[in-house]
């Protein structure tokens, strides 16, 4: 009878330890998701005041391979074909853009990724904890644009938004608290051949200042640590039950 009761206790302890460990892992995953990657859907006052804008000052129709403000340099490459990344102005050489509050302005200077490319890779000369830009397809109609934020070859997070190609530009911006961005890839996900019509991108902004984690992140971290302590206590209790059970079974 004792052995059966002892087994049930051990099984219950192991079960609770597994549950606690699961809760710990879930909490840890929540911390990673919340602390490491936060999307910024609109260029609000906080975003504008805490980031630095890299202005497009070159002449109309100039082709660029990079853009710089003297501190941060953005280097551009396109695929599947290497095409020009060309300076345009709305509405002179680019028909229309989005409007506030979805964009900073409805008449920005933009960089046009010419037809033949559906992907623009932006390499940052300095790590950034905040990076963002507005984008719009050249082809009319709503198409998905995906912005993927990397640290080296490691994906930190991505943003997918449906953007209207006529006048619906949207912001693709993100913040990280632990893993800075060194590369950002914009891609138009549209049916062929619309994905090769090119797209425009504008209002490049960044911040090299590491943000302080939100209180909710610290709360999740506390939950994770509490879960870890609970797992440790249950394991010690299980070990004690096993030791006691073995001693009583060996008694004549």
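Residue numbers (mature numbering (1 follows the signal peptide of the UniProt record, and there is no 0)): -32 to -1, 1 to 220.
Here a beta-carbon is modelled for each residue, glycine too, at the ideal position from N, C-alpha and C.
| Check | Outcome |
| --- | --- |
| I'd like the list of long-range same chain contacts for residue 56, defined as Cβ closer than 8 Å, with 5 residues on each side in sequence excluded. | 28, 29, 62, 77, 78, 79, 80, 168 |
| So for residue 67, helix, strand or coil by DSSP? | coil |
| Who are the near neighbours of residue 40 in its chain, counting only those whose CB is closer than 8 Å to its CB and skipping five residues on each side? | 20, 22, 92, 93, 94, 96, 174, 176 |
| Closest by CA to residue 138, which one among 154, 86, 123? | 154 |
| Buried or exposed, going by whether 16 or more other CB atoms sit within 10 Å of the CB of residue 122? | exposed |
| Evaluate residue 180 with the Cβ neighbour count: other Cβ atoms within 10 Å of its Cβ, from every protein chain shown; 16 or more gives buried, anything less gives exposed. | exposed |
| Taking only the alpha-carbon atoms, compute the straight-line gap between residue 24 and residue 82 and give it to the nearest angstrom. | 17 Å |
| In whole angstroms, what separates the C-alpha of residue 112 from that of residue 32? | 25 Å |
| Using 8 Å for Cβ pairs, my map puts residue 7 next to residue 127. What's the rounded Cβ distance? | 5 Å |
| Could you give the DSSP three-state label for residue 163: helix, strand or coil? | helix |
| Alpha helix (DSSP H) containing residue 29: first to last residue? | It is not in any alpha helix (DSSP H) - residue 29 carries neither H nor E in the DSSP assignment. |
| According to DSSP, is residue 174 part of a helix, a strand, or is it coil? | strand |
| With residue 15 as the anchor, note down where its alpha helix (DSSP H) starts and where it stops. | 13 to 17 |
| Looking at the strands, I want to know which residues DSSP matches up with residue 107. | DSSP, once it has assigned bridges, lists no residue as partnering residue 107. |
| Consult DSSP for residue -12 and reduce its assignment to one of helix, strand or coil. | Here residue -12 scores only 43 on pLDDT, less than 50, and its place in the model should not be relied on; the value that follows carries that caveat. Here residue -12 sits in helix by DSSP. |
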